[in-house]
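In this note's numbering, the protein residues as written are 26 to 252.
All C-beta atoms in this analysis are idealised placements derived from N, C-alpha and C, irrespective of residue type, glycine included.
All remarks here apply to the structure that follows.
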Amino acid sequence: MTALPSDFYCRDTIQVARQLLGKVLVRRGREGKVAGRIVEVEAYLHTDDPACHAARGCTRSNRAMFGRPGRAYVYPIHSRFCFNAVTEHTGIASAVLIRAVEPLDGVPLMTRRRGGQTLWNLARGPARLCEAFDVDRRLDHCDLTTTKRLWIEGADIRPLANNEIGISPRIGVSQAKELMLRFFVDGCVFVSGPRISAKNRPTDGKASHGSAWRTDTTMGGLRSFGP
DNA sequence: CTACCGATTGACT
DNA sequence: GTCAATCGGTAGA
């Protein structure tokens, strides 16, 4: 049980985002431990990115983004929370939003926290993930490089190959919609929103390699989940 | 103080 | 697919 070190986060945000795919998010608390494989992330950049909360400067609420990399930035939205890992350098406000994980450990606890939702709905979406992992503002600024409360592990997990990573515009942002800064495990059912990358989508009427793979492989054993 | 908005979700057509 | 709930953060009076 080793958390990814600070060095992992002190790099280009897009690179960190892509390499977080496949890593394992772990939360330990009073009620027990839960863990999930990261399958969807978004990068928020410190320059030329008006969608980034830091674009209008440092405020009390986004201060964590301006702090040390390898810390958590947790912010509230619509009475819920979203969780980011801070990247690059202290004073350079950039982060990776963790949008979805595939539940691995602590499924009963996550299910209880999520009000009895199906496995598919436990952590598919940034606020659902936070509810399943009991992440809220108390974990803003939390150090992700120690295995105390919340961390990401898997230094030994190989980064996904380029052809396994889907790319798209970010979800829900009203600015900088054109930036392709959302990254996900291509075809994975635990991804929120579009889960087949544009690069794999059919341009004609033929079935794509992507959808076949999704149906036959990723959906295997998950009959009751998915649209 | 009030007004407006949103890196969303869940319910509904 | 569409849409309202609901509330903290922020800007402005």
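Subject >> Cβ contact (3+ pairs, closer than 8 angstroms) linking the segment 75-90 and the segment 40-54 >> reply: no
**OP:** Mark G150 as exposed unless 16 or more other C-beta atoms lie within 10 angstroms of its C-beta, in which case mark it buried.
**Re:** Buried is the call here.
**OP:** Could you spell out the range, first to last residue, of the alpha helix (DSSP H) harbouring C155?
**Re:** Where C155 is concerned, the enclosing alpha helix (DSSP H) stretches over P151 to A157.
Subject >> Pairwise C-alpha distance: A120 and G140 >> reply: Each residue's Cα considered, the two are about 29 angstroms apart.
Original post:
When you compare only the Cα positions, how much space is there between I192 and G131?
Top reply: 29 angstroms
Subject >> Pair within 8 angstroms by beta-carbon distance, H166 and G92 >> reply: yes
Original post:
Is the number of C-beta pairs between the segment 65-82 and the segment 110-130 that are closer than 8 angstroms three or more?
Top reply: yes
Original post:
Whose C-beta lies closer than 8 angstroms to the C-beta of C35 among residues of the same chain, with five residues either side of it excluded?
Top reply: P94, G95, T112, E113 and H114
Original post:
For F215, which residues of its own chain have a beta-carbon under 6 angstroms away from its beta-carbon, when the five flanking residues on both sides are left out?
Top reply: Spatial neighbours of F215 in its own chain (CB-CB distance under 6 angstroms, excluding positions within 5 residues in sequence) are listed in chain order as V64, A125, E127 and R149.
Original post:
Roughly how many angstroms separate the alpha carbons of C77 and L144, rounded to a whole number?
Top reply: 31 angstroms
**OP:** Please state if the CB of A157 and the CB of R138 are separated by a distance shorter than 8 angstroms.
**Re:** yes
**OP:** Give the secondary structure of A186 by DSSP, where H, G and I count as helix, E and B as strand, and everything else as coil.
**Re:** coil
Subject >> Pair within 8 angstroms by beta-carbon distance, G57 and L147 >> reply: Not a contact, by the Cβ cut-off of 8 angstroms.
**OP:** Mind reading off the beta-carbon distance from G179 to G47? Whole number of angstroms is fine, and I expect it under 8 angstroms.
**Re:** Contact flag correct, Cβ pair sits at about 7 angstroms.
Subject >> Other residues of its chain near D74: CB distance less than 6 angstroms, five sequence neighbours each side excluded >> reply: These residues qualify, in order along the chain: A201.
Subject >> G212, buried or exposed, once every other Cβ within 10 Å from all chains shown has been counted against 16 >> reply: buried
**OP:** Report back the beta-carbon spacing between V160 and V99 to the nearest angstrom; my notes put them in contact at under 8 angstroms.
**Re:** 6 angstroms
**OP:** Alpha carbon to alpha carbon, how far is I182 from M205? Give it in angstroms, no decimals.
**Re:** 25 angstroms
**OP:** Please state whether DSSP places V41 in a helix, a strand or coil.
**Re:** helix
**OP:** Tell me whether M90 is buried or exposed, calling it buried when 16 or more other Cβ atoms sit within 10 Å of its Cβ.
**Re:** Its Cβ being crowded by 16 or more others within 10 Å, M90 is buried.
**OP:** Tell me whether L45 is buried or exposed, calling it buried when 16 or more other Cβ atoms sit within 10 Å of its Cβ.
**Re:** buried
**OP:** Return the chain-ordered ranges of every beta strand (DSSP E) run that is complete within the segment 81-123 and spans a minimum of 3 residues.
**Re:** The segment 81-123 contains these whole beta strand (DSSP E) runs: 97-102 and 105-111.
Subject >> Whole-angstrom C-beta distance between L154 and F108, which should lie under 8 angstroms >> reply: With a Cβ gap of about 7 angstroms, F108 and L154 count as contacting.
Original post:
Are L29 and A97 closer than 8 angstroms when you measure CB to CB?
Top reply: no
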